[in-house]
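**Student:** Residue numbers (my numbering), protein chains in the order written: chain A, 1 to 707; chain B, 708 to 1414.
I have a structure I would like to understand better, so I am pasting it below and will then ask my questions one at a time.
There are 2 protein chains.
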Amino acid sequence: MAHPLDPLFRPRSVAIVGASSDPNKVGGRPLAFLQKGGYRGRILPVNPAAAEVQGVPAYPSLADVPGGIDQAIVAVAAAQVPAVAAECIARGARALQVFSSGFGVGAGAAEALQRLQRMARDAGVRILGPNSLGLFNTADGFFGTFATALDGAWPAAGGVGVATQSGAFGSYFFGLAQQRGLGFSHFVATGNELDVDVADCIDFLVHDAATQLIVVALEGCRDGRKLAAALHAARTAGKRVLAMKVGVSQAGAAAAATHTGSLAGEDRVFDAVLRETGAWRAGSLQALVEAAYAATVALPQAAPHTAGSQGRDLLVVTTSGGIGVLAADAAEAHGLALPGIGAAALQVVQAIAPLAAGENPVDTSAGILGDLSAYARIAGVALEARRYDAVLCYLAHIPRNPAHWAQLHAPLLALRQRHAATPFAAVGLADAAITADLEAHGVAVYADPTAAVRSLAALLPMAAHADPVGVAREAASATALEGPLATEADAKRALAARGIAFAPERRVHDADEAVAAAQAIGWPVVLKIVSPDIAHKTEAGGVALGLTDEAALRAALPAMRQRVAARLPHARLEGFLVARQLQGGVEVLVGTQRDPVFGPVVTVGAGGVLTELLGDVSVRLAPVSHATARAMLAETRVAALLRGWRGAPAADLDALAEQVARLSAIAWASRDTVAGLELNPVLARPEGAYALDALVVGAPAPTGEPA
Amino acid sequence: MAHPLDPLFRPRSVAIVGASSDPNKVGGRPLAFLQKGGYRGRILPVNPAAAEVQGVPAYPSLADVPGGIDQAIVAVAAAQVPAVAAECIARGARALQVFSSGFGVGAGAAEALQRLQRMARDAGVRILGPNSLGLFNTADGFFGTFATALDGAWPAAGGVGVATQSGAFGSYFFGLAQQRGLGFSHFVATGNELDVDVADCIDFLVHDAATQLIVVALEGCRDGRKLAAALHAARTAGKRVLAMKVGVSQAGAAAAATHTGSLAGEDRVFDAVLRETGAWRAGSLQALVEAAYAATVALPQAAPHTAGSQGRDLLVVTTSGGIGVLAADAAEAHGLALPGIGAAALQVVQAIAPLAAGENPVDTSAGILGDLSAYARIAGVALEARRYDAVLCYLAHIPRNPAHWAQLHAPLLALRQRHAATPFAAVGLADAAITADLEAHGVAVYADPTAAVRSLAALLPMAAHADPVGVAREAASATALEGPLATEADAKRALAARGIAFAPERRVHDADEAVAAAQAIGWPVVLKIVSPDIAHKTEAGGVALGLTDEAALRAALPAMRQRVAARLPHARLEGFLVARQLQGGVEVLVGTQRDPVFGPVVTVGAGGVLTELLGDVSVRLAPVSHATARAMLAETRVAALLRGWRGAPAADLDALAEQVARLSAIAWASRDTVAGLELNPVLARPEGAYALDALVVGAPAPTGEPA
């Protein structure tokens, strides 16, 4: 089926504007690579000074090129790009790759690029770059790139499709992966993303039959929702996505800001999106390469995501107890379970090897070194004892000892064949020939046990709960807020009107009104200052808790007025809130923020004093369904409190999840008018969940300051 | 200088009891290896059935061996070991290696081993094993081991000394490290540790001149204090220790329990000891190998620990912004800082490469590909801008491109020479010859940026605060508690007598006494049940907070009595405590536990409800000094609260640290009589820190249950 990016990835003809006869130059490399790759389309070098370039007939200008031009590679100085691009479009090119960089940062440069963008959009032409390293497509031999990585490492055809924003980052991944023996369907570096972005390329790879595995490298992105949609599409199509996103740490984010000069969005939101869409996130380039290797070797036939694996249950068979412990550590760290084979199966195992021990890891003991076929028999018993989603066989030095390997080789491969749908990794020291033999039979070979466990984990379905695409958004019907609201009282009124439950409260202006309000709503009460200028009332001395009677309230009110006036003399004071102080329950933070990349996101975590202390929250793109809200609550440490801590009754999770889902819907509806909502805390009680405070803020405000 | 383990590691002669002519058998391998290794001492095979074994004259029995026997390798059936060992000792052997395993688990086996242990101790003979894989010493060519790992990989001599408990685990590390090109001084596997343990072997390696780096692999250990002392000795001697300890996770600990059948001690205590002694802990075998590689290549001359490095400041020079971000992420994850080169130095850099950006990472930009000597000049400017403790140079594909490499090679090596004392890693794709050349010049070469950063981090001094060995222990003068105490009241009295500060309180038996007590110590008060049978008073309904007046107290007391009686009808009730309820302050948990391996340890963390929720505590071996107690408080999340959270006043850290140091001293003094002490919480106030609750428990009680 045709894809909108076909003219980019598989053009019928390609003009190279700025074609050079020097194969080490940006304009010369693609020509050399296209010829080396055996590209069967027409190659049309454009060079005003040469009749042929690298043996291919050349044309002095685009106007002189005979016939149609499907794609044009633009490798000219930045200043010439707009004019050249216009000419390409006029000649009917459907896609442009712009290798040129150095457009500068002035207004003139930005304007020229915007003109180019408009022109292309009007003509229905797709642009890759500028500052793109280009792309390649091994099936068609189309190597439209100047990547120096190809000098040292020519790609074999295979199932890995790579979509990267940064050419340098992506091509280094390519170099590492090529060294590890992986084969590629496509590689594309989107560069400055004037038009085509990584999300577009993921979508192309999702629809490409040759691509079995999608590898994504990101530093940030412009349109987070589009990225999320592309990742969802990959999940739906059963194509596994392995992703790397740098800028996790403070230092990294600072370096990224220097490097990209743009807002990267919060890393934890990226992380949440990757989880939610089932993409596996690598923590290092090596981890990314090793996981891609496992995907291509250990599941060669089926698309990884739709293969036999249903869960995350790993079987470990080992000749060494210590390595078994290590593998178990790694399994827990990467979210895998190690269910045991059961006592009956262990008895069968011990009939084979009396010193064998453990239900998972199954330690064969070194006693089997006399007859290593026992190893395969033990692994077979274990694999048939119950369903496992992946297998790790620790082989130590066995493959290096010819006598030992002769005993194990055939039984091990037979076992692997009997369990063809199960990802299978062997860990041990093996030479190249034995490694190649194992790989040919679908066994991924690792020297490091931890890398093997991590890589198997990358192949299995993720556990994170996510709404089916679009479901929550359709269900989320809320009226938009008209904009930020300056006081807590206004915020509460607006949110209450949209279904958020609050503790009973009244706004008052003096002590008499306050006492009347408290008598109406019931003691004890909390008294809070109302001011459009004070976001952090506690710090301002604007909160008094535990007022149990009239005397206490009458004393607290003027004291608060004085205290706040002393601390913030310029803050406008607009009265007080008297609210019922609810006893018991668990304080939970429920908030939304407008991420610069992904738009509204919803956050839950421990509330009150714990929020900053724990720093442990669950994040999702807003809106979320009730079910996802419940899953979010279960992901945080506050879950232990909500379940009922030290004999306390359990909290009303349904009511609490409803607050989360509702607030997320309000944030989504108000995505153009407000930047953030915060209920801190929501008091989750055995019956009901009531927000005790509310903020509705304008400009992106990570610190909670109102606009 | 002579070391007590010399007869084990460098014997003048070695008898092999059970010597076999088959070099694939346990009794045959060491003979083959000793000959292959060129051991110059006397090799004395003992075999009743052969006049020579593998070409070496053999003796029918130990009695027939002429001359002295320095060491004996015992490779006979388990049942014969005690008799053979006795004979060896009688013949004057000063050290035994016992390869035999399978002693069984019966009382008879244990008794036989104990007899052997006593016999050896009385004779001053050291025993390695049983169930040891043996050891080797490359300097003397002494290969007294049956490790099959040596079949595939003969060790080169070098500075790495390996001490491992598990032979299988250690020999796999050896295989990986040998593959990575590392050279070894010694390797020893201690097996069941009847006598010689890993700590003894570390001590030997600390005193061995050929050993520059000590690699330790542990699953657990028997004598934690001895291990800590050996690690401290390594630190004092300036020898870096890289350690791996498995059994981190729940799953791993469960597997370790199956595997070793013994208490492993709490992993976090091991972790604290490794930090405290400056040993670097690897999270995977690969990380261990890569760090050992960095130590041997990048700091070949000096002992790593005493080289120029003073801190943990890393300089990153990169050709790719994205990889710079990645390196910055990795640096933060591994506790390295990235201080900038400063604006002035950046200007100098930009005079060399106008598109260069960033003060650290310093991104040279791809613009330097025209003249790569600029790369070395930029790195030189950066390195001279301030002191850095380590350098990472990202080179991408440059070493693979002959034209590029020709430009960079000499300037890079010259730069490395100018900064010979600074650990130096290059990250890029390089062939074997270029890699070897760089290594020969002290540059560690990595393909993966994360591995490079992590490995450099492993070479630098650790930041964790530790008391100079023995200082805290000598300063810790406390009177031992006589044993566990059943009630809170008794515990408080005993601890108060030893200097722990508590909130004022009285023990009472009825409401009248309670009111009198409250009037004496001041309102508000808290009322608590006193019972030797109730550890968790809150769950039992035995705590009433916030009693502000006589009426409230008079109502609370009988209600509590009823409630507790209803929930725990069999608990003996011995009255009540009335304590002043202190307002304000931060709740901190201060506790001690008796670790099965390390003895008394002291723990601090967030107190009250937060203790379990945060699960984030700082742990050290008890006793600790006041200074270490302060460092511990700074390591936990509660530090944010103690500094004064949201405008609250800062807590009295000196008073709080004093409570920690005192409790740790009491725990050390009482190490034989009590298993744990707990003050939860200590209320850290702006002036003073007061414990509000106390437990003194007997048997090891991780859940806080009294004995």
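Yeah, the Cβ is synthetic: ideal placement off N, Cα and C, and Gly gets one too.
Here the structure is a predicted model, which is why all the values come from computation and not from measurement.
(1) Using the C-alpha atoms, what's the distance from Arg1369 (chain B) back to Ala1060 (chain B)?
(2) Taking 8 Å as the threshold (beta carbon to beta carbon), is Gly698 (chain A) in contact with chain B?
(3) By Cβ distance, which residues of its chain are closer than 6 Å to Gly38 (chain A), with the 5 residues on each side in sequence left out?
(4) Would you tell me roughly how many angstroms separate the C-alpha atoms of Ile691 (chain A) and Ile500 (chain A), rounded to the nearest one?
(5) Going by DSSP, what residues sit across from Cys1100 (chain B) in a beta bridge?
(6) Is the beta carbon of Ala1251 (chain B) sitting closer than 8 Å to the one on Ala1242 (chain B)?
(7) By Cβ distance below 8 Å, which residues in the same chain neighbour Gln993 (chain B) in space, the five residues on each side in sequence not counted?
(8) So with Cβ pairs under 8 Å, would you call Thr319 (chain A) a contact of chain B?
(9) In terms of residues, what are the limits of the alpha helix (DSSP H) holding Gly67 (chain A)?
(10) Can you give me the Cβ contacts of Thr1142 (chain B) inside the same chain, cut-off strictly under 6 Å, excluding the 5 residues immediately before and after it?
(11) For Lys743 (chain B), is the classification buried or exposed, using 16 other Cβ atoms within 10 angstroms of its Cβ as the cut-off for buried?
(12) Do the region 796-816 of chain B and the region 854-873 of chain B make contact, defined as three or more Cβ pairs closer than 8 Å?
(13) Taking Ile1030 (chain B) as the query, report the chain A residues whose CB atoms sit under 9 Å from its CB, ordered along the chain.
(14) Identify whether Ala1286 (chain B) lies in helix, strand or coil by the three-state DSSP scheme.
(15) How close, in whole Å, do the beta carbons of Ala1401 (chain B) and Lys1244 (chain B) come, if the pair is a contact with beta carbons under 8 Å?
(16) Just to confirm the assignment, what range does the alpha helix (DSSP H) spanning Ile834 (chain B) have?
(17) On the DSSP letters alone, give me the boundaries of the alpha helix (DSSP H) that His712 (chain A) sits inside.
(18) For Ala72 (chain A), which three-state DSSP category applies?
(19) What span of residues does the alpha helix (DSSP H) with Gly1292 (chain B) cover, start to end?
(20) Are Ala385 (chain A) and Ile341 (chain A) close, meaning C-beta to C-beta below 8 Å?
(21) Helix or strand or just coil, what does DSSP make of Trp987 (chain B)?
(22) Which chain A residues sit within Cβ distance under 7 Å of Pro1068 (chain B)?
(23) Give me, in chain order, the residues of the same chain whose beta-carbon lies closer than 8 Å to that of Ala343 (chain A); leave out the 5 immediate sequence neighbours on both sides.
(24) Using a Cβ-Cβ cut-off of less than 7 Å, list which residues of the region 1095-1124 of chain B approach chain A; keep chain order.
(25) Terminal residues of the continuous alpha helix (DSSP H) containing Gly851 (chain B)?
(26) What residue from B:Pro1156, B:Leu1021 and B:Gly859 has the CA that sits closest to Ser1027 (chain B)'s CA?
(27) Please determine if the region 10-25 of chain A and the region 120-133 of chain A are in contact, where contact requires at least 3 C-beta pairs separated by less than 8 Å.
(28) In this structure, what does DSSP give as the bridge partners for Asp363 (chain A)?
(29) Three or more C-beta pairs closer than 8 Å, one from the region 1116-1131 of chain B and one from the region 166-175 of chain A: is that the case here?
(30) My understanding is that Val162 (chain A) touches Ile73 (chain A), with C-beta atoms under 8 Å, so please give their C-beta distance in whole angstroms.
(31) Taking one C-beta from the region 614-626 of chain A and one from the region 660-675 of chain A each time, how about it: are there three or more such pairs within less than 8 Å?
(32) Any C-beta of chain A sitting closer than 8 Å to the C-beta of Pro837 (chain B)?
(33) Determine the DSSP secondary structure at Glu193 (chain A), reduced to helix, strand or coil.
(34) Helix, strand or coil for Val624 (chain A), going by three-state DSSP, please let me know.
(35) Taking the alpha carbon of Arg12 (chain A) as the point to measure from, which residue in A:Arg42, A:Pro4 and A:Gly28 has its own alpha carbon closest?
(36) Applying a beta-carbon distance threshold of less than 7 Å, which residues of chain B neighbour Ser249 (chain A)?
**Tutor:** Here's the rundown:
(1) As a working mapping, residue 1060 (chain B) is identified with position 353 in the second sequence. As a working mapping, residue 1369 (chain B) is identified with position 662 in the second sequence. Their Cα atoms are separated by approximately 59 Å.
(2) Counted from its first residue, the first sequence places residue 698 (chain A) at position 698. No, no contact with chain B.
(3) Counting from one through the first sequence, the residue named residue 38 (chain A) turns up at place 38. Hits under 6 Å: Gly141.
(4) For this step, residue 691 (chain A) is matched to residue 691 along the first sequence. For this step, residue 500 (chain A) is matched to residue 500 along the first sequence. Per the sequence shown, the amino acid found at residue 691 (chain A) is Ala instead of Ile. If you draw a straight line from the Cα of Ala691 (chain A) to the Cα of Ile500 (chain A), it is about 7 Å long.
(5) In the second sequence, residue 1100 (chain B) corresponds to position 393, counting from 1. Secondary-structure assignment with DSSP links Cys1100 (chain B) through a beta bridge to B:Val1024 and B:Ala1133.
(6) For the purposes of this step, residue 1251 (chain B) is taken as residue 544 along the second sequence, with counting starting at 1. For the purposes of this step, residue 1242 (chain B) is taken as residue 535 along the second sequence, with counting starting at 1. No, the pair does not count as a contact, with Cβ atoms beyond the cut-off.
(7) As a first step, residue 993 (chain B) is located in the second sequence; it is residue number 286 there, counting from the start. Hits under 8 Å: Leu883 and Ala1158.
(8) Residue numbering aside, residue 319 (chain A) sits at position 319 when the first sequence is read from its first letter. True, the Cβ-Cβ gap to chain B drops below 8 Å.
(9) As a working mapping, residue 67 (chain A) is identified with position 67 in the first sequence. Boundaries cannot be given for Gly67 (chain A), as no alpha helix (DSSP H) includes it and DSSP labels it neither H nor E.
(10) As a working note, residue 1142 (chain B) is residue 435 in the second sequence. Shown here for Thr1142 (chain B): same chain residues with a beta carbon closer than 6 Å to its own, the five before and five after excluded, namely Val1152 in chain order.
(11) Counting from 1 along the second sequence, the entry for residue 743 (chain B) is found at position 36. Counting Cβ neighbours within 10 Å, Lys743 (chain B) comes out exposed, since fewer than 16 surround it.
(12) No, the region 796-816 of chain B does not touch the region 854-873 of chain B.
(13) Start at 1 with the first residue of the second sequence, and residue 1030 (chain B) comes out as number 323. Going along chain A in sequence order, the residues near Ile1030 (chain B) (Cβ under 9 Å) are Ser166, Ala168, Phe169, Tyr172, Val246 and Leu285.
(14) Taking the first residue of the second sequence as 1, we reach residue 1286 (chain B) at position 579. Looking at Ala1286 (chain B) - three-state DSSP - the assignment turns out to be strand.
(15) Position 694 of the second sequence, counted from the start, is the residue given in the question as residue 1401 (chain B). Position 537 of the second sequence, counted from the start, is the residue given in the question as residue 1244 (chain B). Between the beta-carbon of Ala1401 (chain B) and that of Lys1244 (chain B) there is about 12 Å, and that puts the pair past the 8 Å contact cut.
(16) Indexing the second sequence from 1 puts residue 834 (chain B) at position 127. For Ile834 (chain B), there is no enclosing alpha helix (DSSP H); the residue is found in the beta strand (DSSP E) stretching over Arg833 to Leu835.
(17) Chain A is shown only over 1 to 707; residue 712 (chain A) falls outside these bounds and no answer can be derived.
(18) Against the first sequence, residue 72 (chain A) aligns to sequence position 72. The answer is strand: DSSP assigns Ala72 (chain A) an E or B state.
(19) The residue given as residue 1292 (chain B) occupies position 585 in the second sequence. For Gly1292 (chain B), there is no enclosing alpha helix (DSSP H), as DSSP marks it with neither H nor E.
(20) Within the first sequence, the letter at position 385 stands for residue 385 (chain A). Within the first sequence, the letter at position 341 stands for residue 341 (chain A). Pairing Ala385 (chain A) with Ile341 (chain A) gives a Cβ-Cβ distance under 8 Å.
(21) Stepping through the second sequence from its first residue, residue 987 (chain B) is reached at position 280. Trp987 (chain B) falls in the strand class under three-state DSSP.
(22) Position 361 of the second sequence, counted from the start, is the residue given in the question as residue 1068 (chain B). What Pro1068 (chain B) touches in chain A: Ala255.
(23) Taking the first sequence and counting its residues from 1, the one referred to as residue 343 (chain A) is at position 343. So the list reads Glu359, once near-sequence residues are dropped.
(24) Per Cβ criterion, the list reads Ala1103, His1104, Arg1107 and Asn1108.
(25) For this step, residue 851 (chain B) is matched to residue 144 along the second sequence. Boundaries for Gly851 (chain B): no alpha helix (DSSP H) harbours it, while the beta strand (DSSP E) harbouring it runs Phe849 to Thr852, taken from the DSSP string.
(26) Numbered from 1 along the second sequence, position 320 holds the residue referred to as residue 1027 (chain B). Nearest of B:Pro1156, B:Leu1021 and B:Gly859 to Ser1027 (chain B), Cα basis: B:Pro1156.
(27) Contact fails: fewer than three Cβ-Cβ distances are below 8 Å.
(28) Counting from 1 along the first sequence, the entry for residue 363 (chain A) is found at position 363. In DSSP, Asp363 (chain A) forms a bridge with A:Thr318 and A:Ala357.
(29) The region 166-175 of chain A and the region 1116-1131 of chain B do not touch, with fewer than three beta-carbon pairs separated by less than 8 Å.
(30) For the purposes of this step, residue 162 (chain A) is identified with residue 162 of the first sequence, where counting begins at 1. For the purposes of this step, residue 73 (chain A) is identified with residue 73 of the first sequence, where counting begins at 1. Val162 (chain A) to Ile73 (chain A), Cβ: 19 Å. No contact.
(31) A contact exists between the region 614-626 of chain A and the region 660-675 of chain A.
(32) Taking the second sequence and counting its residues from 1, one reaches residue 837 (chain B) at position 130. With 8 Å as the cut-off, Pro837 (chain B) does not count as an interface residue toward chain A.
(33) Looking up residue 193 (chain A) in the first sequence gives position 193. Residue state, collapsed to three classes: coil.
(34) Here residue 624 (chain A) refers to the residue found at position 624 when the first sequence is read from its first residue. The DSSP-derived three-state label of Val624 (chain A) is coil.
(35) By one-based count along the first sequence, residue 12 (chain A) stands at place 12. The shortest Cα separation from Arg12 (chain A) among A:Arg42, A:Pro4 and A:Gly28 belongs to A:Arg42.
(36) Walking along the first sequence from the start, residue 249 (chain A) turns up at place 249. By Cβ distance, chain B contributes Ala1035, Asp1036, Glu1039 and Ala1040.
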